[in-house]
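Heads up: the structure comes next, in structure tokens.
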Amino acid sequence: MRFATDHQRSRGAPPTLIGVGGIAWSGDPAVVYSTLLGSCIAVCLFDQQSLKGGITHFLLAEAPETPSDDTRYGDVAVPLLAESLCQVGCSFSRLQAIVAGGSDVLNNMKPIGTENTAYALAWLREKRVPIIRKDVGGGSARRVRFSPSTGVCEITTIAS
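In my numbering, the protein residues as written are 293 to 452.
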């Protein structure tokens, strides 16, 4: 597992990069998380009242073995992010979600991006977490910059 929590950053500092399997959360206004996505998915969760949020970047929808603690898998990473946010003062009922990625950039027979997207959206709908923004699918990579204390998320498509 790769965790990043409450990084103390000066204004204008570069964003904290969240790699595959990464999970991070904070309420620090100076913190910005960034990740690059192809077929992977980023789920950003934000609680507007506590002004805290977090991000996870997962590789595949489901772990091959359960139980697992490998955060490269959505079925581990997304629930763990929500649980972690609740442990630092967020209310599950107030969480809002942003979902990005899930491109089919790998010329593969298996539509990994589509499967990842389906998992993320299904989990959020099942748990009744409102999806306030989604930028998924297609054939291009994306860059995500997420400010966990404001919920502001910039998603940029990267031309292939």
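Glycine residues also receive a C-beta, built at the ideal position from the N, C-alpha and C atoms.
Residue j beta carbon less than 9 Å from that of residue i
i	j	result
residue 370	residue 350	yes
residue 335	residue 391	yes
residue 333	residue 412	yes
residue 445	residue 425	yes
residue 409	residue 431	no
residue 447	residue 435	yes
residue 433	residue 330	yes
residue 374	residue 344	no
residue 315	residue 366	no
residue 405	residue 368	no
residue 322	residue 407	no
residue 307	residue 437	yes
residue 387	residue 421	yes
residue 415	residue 376	no
For residue i, the residue or residues it bridges with in DSSP
i	result
residue 402	Paired residues: none, contrary to the question.
residue 438	325 and 445
residue 393	333 and 428
residue 345	318 and 338
residue 433	450
residue 351	In the DSSP output, where bridge partners are listed per residue, residue 351 has none listed.
Coil, strand or helix - residue i by DSSP
i	result
residue 297	Residue confidence is low: residue 297 scores 46 on pLDDT, short of 50, so the model does not pin down where it sits. Its coordinate-derived value is still stated next. Strand, per DSSP.
residue 451	coil
residue 385	helix
residue 376	helix
residue 409	helix
residue 309	strand
residue 416	helix
Nearest-angstrom beta carbon gap, residue j and residue i [assumed within contact, 8 Å]
i	j	result
residue 348	residue 363	7 Å
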